[in-house]
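Peer 1: Counting in the numbering used here, the sequence shown tops out at residue 497, every number present. Note that CB positions come from ideal geometry on N, CA and C, so glycine has one too. First the structure, then my questions, so here it is.
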Amino acid sequence: MLTLDELLNLRKIPYSEEQKKRISKAYEFARQAHQGQKRASGEDYFSHCVATAATLVKMGLGSITVSAGLLHDTYEDTDVSLAELKKEFGKEVAFIVEGVSKLSKVQLKGSQEEYYLNNLQKMFLAMAADIRVVLIKLADRYHNMQTLYALPKEKRLRIAKETMEIFVPIANRLGIGELKGKLEDLCFQYLDPENYQRILKLEKETYAPRKKYVDEVIKTLKKKLKEENINFVDIHGRAKRHYSLFKKLQRHDNNIEKIYDLAAVRIILPTVADCYEALGIVHKNYRPLIGRIKDYISLPKPNGYKSLHTTIFGPQGKILEVQIRTEKMHDEAEYGIAAHWIYDRQKGMNWRRLLFQGKHSPKVPAEEIEWVKQLKEWHKQTGGGSDEFWQSLKIDFFKNHIFVFTPKGDVIELPENSTPVDFAYKVHTEIGNRMTGAKINGKMSSLDSILKNGDLVEIITSKNKKLPNQDWLKFVCTANAKDKIKNTLRKAGVKIV
Ligand code: MN
1 MLTLDELLNL
11 RKIPYSEEQK
21 KRISKAYEFA
31 RQAHQGQKRA
41 SGEDYFSHCV
51 ATAATLVKMG
61 LGSITVSAGL
71 LHDTYEDTDV
81 SLAELKKEFG
91 KEVAFIVEGV
101 SKLSKVQLKG
111 SQEEYYLNNL
121 QKMFLAMAAD
131 IRVVLIKLAD
141 RYHNMQTLYA
151 LPKEKRLRIA
161 KETMEIFVPI
171 ANRLGIGELK
181 GKLEDLCFQY
191 LDPENYQRIL
201 KLEKETYAPR
211 KKYVDEVIKT
221 LKKKLKEENI
231 NFVDIHGRAK
241 RHYSLFKKLQ
251 RHDNNIEKIY
261 DLAAVRIILP
271 TVADCYEALG
281 IVHKNYRPLI
291 GRIKDYISLP
301 KPNGYKSLHT
311 TIFGPQGKIL
321 EVQIRTEKMH
331 DEAEYGIAAH
341 WIYDRQKGMN
351 WRRLLFQGKH
361 SPKVPAEEIE
371 WVKQLKEWHK
381 QTGGGSDEFW
391 QSLKIDFFKN
401 HIFVFTPKGD
411 VIELPENSTP
421 VDFAYKVHTE
431 IGNRMTGAKI
441 NGKMSSLDSI
451 LKNGDLVEII
461 TSKNKKLPNQ
471 DWLKFVCTAN
481 AKDKIKNTLR
491 KAGVKIV
């Protein structure tokens with residue numbers, strides 16, 4: 001477990017004295033609150049809080065988020081109250097901790113159909129209400145996945161599946177490639193142990209020669225770049241992630257010879273101009289494979305990823321990928337949304353695209369674009385990376401929508417102010433028509449109750465009931481429910497008054 005100083009030193013840009021003070025107070029408070037509690041792995045519970053905070057510090061986050069990360073389980077798992085957190089750490093920290101606790105409701109239980117999974121991801125973001133809550137949840141899940149071995153098998157599978165279906169896509173949308181890749185590999189290990197072992201074996205068999213020629217290329221390139229007076233920040237080898245290799249092998253008839261980026265050399269440079277110059281130097285020394293030069297700097301990937309990629313014939317004619325990028329691009333690829341604020345803004349950054357591109361992405365509502373604008377504005381004013389900046393990251397692009405659970409655990413999206421009747425008609429016309437009552441979170445509730453994010457809604461129907469009640473038209477809020485009620489009544493010859 002990291003000491004407080006070790007934790008603080010994980011950050012590239014040092015914390016101010018005031019920020020250090022806040023984090024150190026949270027560290028001590030959480031340690032005392034969890035005193036005597038153990039994890040299933042046998043470790044002190046507090047080690048989980050520190051591990052969660054460490055991931056956040058590495059992402060460059062501010063002291064409020066890191067403090068809330070340290071305290072994230074105090075409200076749910078100890079006798080610490082929200083009022084106490086508010087008194088000791090301010091309402092921002094208390095609000096975030098509360099948000100993290102609320103999110104434990106969002107679990108994968110229902111249908112695994114793309115449509116419902118997508119709704120579940122949206123519900124997760126809507127209930128988080130603040131991007132810092134999402135980042136803490138991701139960091140929390142990352143450590144839980146690292147210690148998953150300590151749980152019983154059934155629980156392991158459920159959590160691994162949930163991580164793969166909710167947390168991985170959200171990390172991907174936020175552009176946090178580092179965390180996404182690590183979570184995916186951890187899930188892979190539990191969800192498909194046979195293939196996981198097969199991939200490990202395959203990697204091991206090819207490891208020694210691969211390492212040898214990667215090291216050789218690194219040595220040569222360091223020398224050549226120095227000769228040409230190109231200052232590089234770093235040159236290192238990177239291994240392809242297990243799950244990523246598995247997916248790629250599936251697309252290439254399981255033939256490892258066809259995977260060109262099994263080994264890669266990564267060159268990190270100060271400027272974009274240096275990147276293109278370095279590319280020239282690489283090609284001067286190693287023949288490139290035709291058609292494999294990719295310029296993701298001019299044409300970034302949909303999630304914002306930028307780099308130059310080229311595939312070369314290395315020593316002994318072995319094929320090797322070289323990735324060339326600036327330090328900023330590197331941090332953005334690893335830490336996504338968080339890293340953007342460490343650096344000056346670049347024109348054309350598109351938050352909407354970053355968050356919502358994908359084949360199942362919904363049409364982008366205007367308020368989402370508004371959120372993006374606000375982000376940019378705030379960043380300009382506060383300089384980014386500061387605590388004030390992160391305070392502004394509220395997720396309100398779903399503010400006119402709510403997400404509720406069916407008894408099976410599927411997530412249904414509805415407009416704000418929807419009632420159980422709107423819900424019933426959204427699920428099925430017959431359920432609406434035969435409806436006699438509704439339970440919200442297990443409690444009998446009136447049919448005109450206003451539903452809230454995360455509610456579990458159960459509709460009670462009767463076989464003998466065939467027609468909807470005309471009075472429902474006074475309070476239903478969706479056009480869908482209105483139309484269906486009217487149509488059913490009309491068909492039955494009921495005059496609507
Ligand atoms: Mn936790």
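Curious, which full-length alpha helix (DSSP H) runs of at least 4 residues does the region 57-142 contain?
Peer 2: 63-71, 74-77, 82-89, 91-102, 114-128
Peer 1: Could you tell me how far apart the beta carbons of Gly237 and Val214 are, in whole angstroms, since I believe they sit closer than 8 Å?
Peer 2: 4 Å
Peer 1: Whole angstroms are fine: how far does the CA of Ala33 sit from the CA of Asp455?
Peer 2: About 30 Å.
Peer 1: Closer than 7 Å to a non-hydrogen atom of the ligand MN - does that hold for the CB of His34?
Peer 2: For the ligand MN, no non-hydrogen atom lies closer than 7 Å to the CB of His34.
Peer 1: Looking at the unbroken alpha helix (DSSP H) that takes in Asp331, where does it start and where does it end?
Peer 2: Bounds of the alpha helix (DSSP H) holding Asp331 are 327-335.
Peer 1: Of the residues Arg198, Asp274, Phe423, which one's Cα is nearest the Cα of Asn508?
Peer 2: Residue 508 lies beyond the residue range present for the chain, which begins at 1 and ends at 497; the question has no answer from this structure.
Peer 1: Between Thr52 and the ligand MN, is there a pair consisting of the residue's CB and a ligand heavy atom that are separated by less than 7 Å?
Peer 2: yes
Peer 1: Using the three-state DSSP reduction, which class does Gly437 fall into: helix, strand or coil?
Peer 2: strand
Peer 1: Would you list the residues sitting across from Lys25 in a DSSP beta bridge?
Peer 2: DSSP lists no partner for Lys25.
Peer 1: Specify the secondary structure class of Gln35 as computed by DSSP and reduced to three states.
Peer 2: Three-state result, Gln35: coil.
Peer 1: If I follow the unbroken alpha helix (DSSP H) through Gly237, where does it start and stop?
Peer 2: If you look at Gly237, you'll find it isn't in any alpha helix (DSSP H); it sits in the beta strand (DSSP E) that goes 234-239.
Peer 1: Any idea what DSSP makes of Lys373, helix, strand or coil?
Peer 2: For Lys373, the predicted model reports a pLDDT of 47, less than 50, meaning its position is unreliable; a value from the coordinates is still stated below. Of the three classes helix, strand and coil, the one that applies to Lys373 here is helix, per DSSP.
Peer 1: Using a strict less-than 6 Å threshold between each residue's beta carbon and the heavy atoms of the ligand MN, what residues do you get?
Peer 2: His48, His72, Asp73, Asp140
Peer 1: How about the region 255-274 and the region 322-331: do they share at least three Cβ pairs that are nearer than 8 Å?
Peer 2: At 8 Å Cβ cutoff, the stretches touch.
Peer 1: Can Phe403 and Asn453 be called in contact, C-beta distance under 8 Å?
Peer 2: yes
Peer 1: Going along the chain, which residues of its own chain have a beta-carbon closer than 7 Å to the beta-carbon of Ser449, five neighbours each way excluded?
Peer 2: Excluding residues within five positions, the ones whose Cβ falls inside 7 Å are Thr419, Pro420, Ile440.
Peer 1: Among Gly69, Leu7, Leu467, Gly437, which residue has its Cα nearest to the Cα of Ile460?
Peer 2: Gly437
Peer 1: Take Gln112 as the anchor and find which of Ala83, Ile166, Lys105 has the nearest alpha-carbon.
Peer 2: Ile166
Peer 1: Would you report the Cα separation of Leu186 and Pro270, rounded to the nearest angstrom?
Peer 2: 33 Å
Peer 1: Find the nearest neighbour of Gly314 within the set Met123, Ala208, Tyr286, Asp331, judged by alpha-carbon distance.
Peer 2: Per the Cα distances, Tyr286.
Peer 1: In its own chain, which residues sit with a C-beta less than 6 Å from the C-beta of Lys359, not counting the 5 before and 5 after it?
Peer 2: The predicted position of Lys359 is uncertain, since its pLDDT is 32 and thus under 50; a value taken from the coordinates is nonetheless stated next. Cβ within range, chain order: n/a, list empty.
Peer 1: How is Arg11 classed by DSSP in three states: helix, strand or coil?
Peer 2: coil
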